[in-house]
Amino acid sequence: MRARERPEGHAEGTGMYEFEEKRLEKLDAMRAQGLAVYPHGLRVTHSTAQVEALIGGRDAAALGEDSTEVVLAGRLMFKNEMGKAGFARVQDSEGRLQLYIRKNDVGDDTFNDVWKKLDLGDHVWARGRLMLTKSGEPSVHVSELRLAAKCIASLPDKWKGLTDPEYRNRHRYVDLFVNPESREAFVRRSRVVRAVRDFFEARGFFEVETPMLQPIPGGAVARPFVTHHNALDMPLYMRIAPELFLKRLVVGGMEKVFELNRNFRNEGVSTRHNPEFTMLEFYQAYATWEDLMDMTEALLGEVARKVTGGGAVAYADHSIDFGQPFRRWRMSEAISEKTGLSAEAVADPAAMRAFWIEGHPKDAKNPKLPSTVGKWYEWLFDEYVEEHLIQPTFITHFPAEISPLSRRSEAEPEVAERFELFVAGMELGNGFNELNDPQDQQARFLAQVAARDGGDDEAMYFDADYIKALSFGMPPTAGEGIGIDRLVMLLTGNTSIRDVVLFPALRPDRGGAAEAEAAPQPGVTQG
RNA sequence: GGGCUCAUAGCUCAAUGGUAGAGCAUCGGACUCUUAAUCCGCAGGUUCCAGGUUCGAGUCCUGGUGGGCCCA
222 MRARERPEGH AEGTGMYEFE EKRLEKLDAM RAQGLAVYPH GLRVTHSTAQ
272 VEALIGGRDA AALGEDSTEV VLAGRLMFKN EMGKAGFARV QDSEGRLQLY
322 IRKNDVGDDT FNDVWKKLDL GDHVWARGRL MLTKSGEPSV HVSELRLAAK
372 CIASLPDKWK GLTDPEYRNR HRYVDLFVNP ESREAFVRRS RVVRAVRDFF
422 EARGFFEVET PMLQPIPGGA VARPFVTHHN ALDMPLYMRI APELFLKRLV
472 VGGMEKVFEL NRNFRNEGVS TRHNPEFTML EFYQAYATWE DLMDMTEALL
522 GEVARKVTGG GAVAYADHSI DFGQPFRRWR MSEAISEKTG LSAEAVADPA
572 AMRAFWIEGH PKDAKNPKLP STVGKWYEWL FDEYVEEHLI QPTFITHFPA
622 EISPLSRRSE AEPEVAERFE LFVAGMELGN GFNELNDPQD QQARFLAQVA
672 ARDGGDDEAM YFDADYIKAL SFGMPPTAGE GIGIDRLVML LTGNTSIRDV
722 VLFPALRPDR GGAAEAEAAP QPGVTQG
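Add 221 to a position in the first sequence, counting from 1, and you land on the number used in this note's numbering.
Set out below in structure tokens:
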């Protein structure tokens, strides 16, 4: 075999290079002996968890009389060689299980050419019988052992694991098999999504998929990603919300409809924001916003119960209970209580301005300060109220001014029949009676266009086709959106959205690019 | 975008401005029930990058890159 060329970027004596070099040598040696290093067609009969269940509580003597054979496979996470015998611990998607290998049982060839050459991280395949070790650990006494797939890279510290958040996020494939809590978070995420779908299916809702590429981005107040369609030679926007399309479907007669899918917002990245995130939106004709609050309590109660087994959920320093009715708190009252402003002051932009400047003297000449009640509500709420809403709380009666898609209250036209749900200081949901008056909607869009022209680049665009849809008549409808990533954060105890998004947005990794260019090329090294 | 902070071996971490170390992993050896196996031995470094200060920089300074937390 000719000497392998040292890849560019790996200086003489570089640890990483030599590590992989050694493993590649083993791989070449196995190939030379005619042993497959990436075989296909291997079958298993049991998972690690199933083998453990088979063993049950039986003692060593009982297992000795059981001739059941199991075939299992997994990644080698632990290897302990003791001369002519050894232990291995393999991990599959359901857990870990120990293997016991003796030279006498597997034969010299397998022992020397397979077992001794196995490296941590390799995928192994084994056949054997059930056993308990002397210390009582459920194990498989191996009669046949094969390499199922070679691992060339080196694994993180087997005891300390992998803690660097950057490495975990950039190399999720390693994080997932090294850190059980990471894996568990994504298993739970899957259960959350399933439980949400089950909830709506059971209530006769219809799941749909509406455009992610939209000619006019709508349905939320946010900056969109823009792209270009070459063949049509037109700009397209990644959706910031599916809302306007879902309501078109209600016009079309889909009276109970939901979508659970990705939205994209071209905004900052933080522990609570990822540029792409998963949103549930649902709409029901002839339901009201109050019905939606009831439904939200039922939904979150059911999802939390199914995913966590019930009871309060530990989150940050809090214990959050989804199991009972949520507080419903009028926005003006919440602001009044948390700021100490009177009910009259909370209706007066000048009074709110004075209060704000008292707390933020540097803003005295800030030209961006709000001038209207609605905008002041946003500012005061974000600053003084939101962080205090720990237990699930519906904030109700939003200003119509900042709710361009919501129906106004007939009794109080300046107020929208709209609520938002807050948990652990985070906005989790947003629901309202849908504005189905096309003339009012047109006026609201025009107000948004004016705001945009005035420099508000988050203001909504005018969507003429949506107005046309409403002109055909949308039945009285209520709709709501719930942020799934944040819900998963709450139900997994993670305070960063990056811990519940498999591949979160990160800046390009220069080091990683260099690594990729310099990587050894296992496929071209055989000589 | 701003503030604070971090970046040293594959991983987890040490190192008063004065010879870059440890544990695990890896490599060689011993061991037929180990549990972070044990024992013996070896090897592994562009201290994130580019400048600067200094007799001397992993350490101090400036700029950059990437991450984390907080704020916007």
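Note that CB positions come from ideal geometry on N, CA and C, so glycine has one too.
Is the distance from the Cβ of P620 to the Cβ of Y605 below 8 Å?
Result no, Cβ atoms of P620 and Y605 do not sit closer than 8 Å.
State the Cα-Cα distance for the pair F683 and M459, rounded to the nearest angstrom.
Computed Cα separation, rounded: 16 Å.
Going by beta carbon distance, what residues of the same chain come within less than 8 Å of V534, once the five residues before and after it are set aside?
Taken in chain order, the residues that qualify are A525, S540, I541, D542, F543, L711, L712 and G714.
Residues in its own chain within less than 6 Å of A250 by CB, not counting five upstream and five downstream?
Nothing listed; no residue qualifies.
Check whether the Cβ atoms of E701 and L513 sit closer than 8 Å, and answer yes or no.
Yes.
Count the other CB atoms within 10 Å of the CB of E480; is the residue buried (16 or more) or exposed (fewer)?
Buried, since its Cβ has 16 or more Cβ neighbours within 10 Å.
DSSP on A232, reduced to helix/strand/coil?
Only weak support is given to the placement of A232: the predicted model assigns it a pLDDT of 38, under 50, and the value that follows is read from those uncertain coordinates. Of the three classes helix, strand and coil, the one that applies to A232 here is coil, per DSSP.
Please name the residue or residues paired with H449 in a DSSP beta bridge.
DSSP, once it has assigned bridges, lists P456 as partnering H449.
Alpha carbon to alpha carbon, how far is F602 from L376? Give it in angstroms, no decimals.
Going by the C-alpha atoms only, they are around 48 Å apart.
Looking only at its chain, what residues have a beta carbon closer than 7 Å to the beta carbon of M681, apart from the 5 residues adjacent to it on each side?
Cβ within range, chain order: G439, V442, P625, F666 and Q669.
Which runs of the alpha helix (DSSP H) fall wholly inside the stretch 549-615 and span at least 4 residues, in chain order?
Taking only runs of at least 4 residues, the alpha helix (DSSP H) segments lying wholly in the stretch 549-615 are 552-560, 570-580 and 594-601.
Between W510 and the rest of its own chain, which residues show a CB-CB distance below 7 Å, the 5 nearest in sequence each way excluded?
Closer than 7 Å at the Cβ level, and outside the excluded window around W510, lie E638, R639, F640, G652, F653, N654 and A699.
Is the Cβ-Cβ distance between D280 and L353 less than 8 Å?
Their beta carbons are under 8 Å apart, which means D280 touches L353 by this criterion.
To the nearest angstrom, report how far apart F615 and V636 are at their CA atoms.
The straight-line gap from Cα to Cα measures roughly 15 Å.
Kindly list the residues whose CB is nearer than 7 Å to the CB of R728, restricted to its own chain and excluding five residues on each side of it in sequence; keep chain order.
So no residue of the chain qualifies.
Can at least three beta-carbon pairs, one atom from the stretch 689-699 and one from the stretch 479-497, be found at a separation below 8 Å?
Short answer: they don't touch.
Which word fits M552, buried or exposed, when buried means at least 16 other C-beta atoms lie within 10 angstroms of its C-beta?
M552 should be labelled buried.
So, helix, strand or coil for A737, using DSSP?
Only weak support exists for where A737 lies, its pLDDT of 39 falling under 50; the coordinates are left without a value.
Assuming G646 contacts I623 (C-beta within less than 8 Å), just tell me the rounded distance between them.
At roughly 20 Å, the Cβ-Cβ gap does not stay under 8 Å, so G646 and I623 are not in contact.
DSSP puts H539 in a beta bridge; with which residues?
BP columns for H539 point to Y536.
Measuring CA to CA, which of S627, G316, A294 and P463 is closest to L397?
Out of S627, G316, A294 and P463, G316 has the C-alpha closest to the C-alpha of L397.
So does the stretch 422-441 actually touch the stretch 450-467, counting three or more Cβ pairs closer than 8 Å?
The stretch 422-441 vs the stretch 450-467: in contact.
Should the stretch 298-312 be called in touch with the stretch 329-344, which here means at least 3 C-beta pairs below 8 Å?
With a cut-off of 8 Å, the stretch 329-344 and the stretch 298-312 count as touching, because enough Cβ pairs lie within range.
Assuming contact is defined by CB atoms lying nearer than 8 Å, are F547 and E518 in contact in what I supplied?
Against a cut-off of 8 Å, the Cβ pair of E518 and F547 comes out as a contact.
Please determine, among A585, E579, A571 and P582, the residue with the shortest C-alpha to C-alpha distance to G750.
What the structure shows of the chain is the stretch from 222 to 748, and residue 750 is not part of that stretch, so it cannot be assessed.
Who are the Cβ neighbours of G733 in its own chain at under 7 Å, not counting the five residues just before and after it?
Reliability of the predicted coordinates at G733 is poor, the pLDDT of 41 falling under 50, and the value obtained from them is presented with this limitation in mind. The answer, listed in chain order, is R391.
Near R310, what residues of its chain come up, given a Cβ to Cβ distance below 6 Å and the 5 sequence neighbours on each side ignored?
Excluding positions up to five away in sequence, the list reads M298, F299, R317 and Q319.
What residue range does the alpha helix (DSSP H) around Q669 cover?
Note, Q669: alpha helix (DSSP H), P659 to D674.
Roughly how far, in whole angstroms, is the beta-carbon of E476 from the beta-carbon of A506, given that I think they are within contact range, below 8 Å?
Sure, about 4 Å apart at Cβ, within 8 Å.
So, do the stretch 357-365 and the stretch 416-424 have three or more beta carbon pairs nearer to each other than 8 Å?
No: fewer than three Cβ pairs fall under 8 Å.
Enumerate in chain order the residues of its own chain whose CB-to-CB distance from T448 is below 6 Å, with the five nearest sequence positions on each side excluded.
If we look at T448 and ignore the five residues flanking it on each side, its Cβ neighbours are L457.
Candidates A575, S592 and L366: which alpha carbon is nearest R585's?
Residue 585 is actually Ala in this sequence, not Arg. The shortest C-alpha separation from A585 is found at A575.
So L501 and I705 are in contact, right, with Cβ under 8 Å, and what is the actual spacing, rounded?
Confirmed, Cβ separation roughly 6 Å.
Report the start-end ranges of each alpha helix (DSSP H) in the stretch 238-315 that is 4 residues or longer and not cut off at the edges.
Entirely contained in the stretch 238-315, the alpha helix (DSSP H) runs reaching 4 residues are, in chain order, 269-276 and 281-286.
Along the chain, where does the beta strand (DSSP E) that runs through E641 open and close?
E641 -> beta strand (DSSP E) spans R639 to V644.
So, for F420: in the same chain, excluding its five sequence neighbours on each side, which residues have a beta-carbon less than 8 Å away from its beta-carbon?
Excluding positions up to five away in sequence, the list reads A519, L520, E523 and V524.
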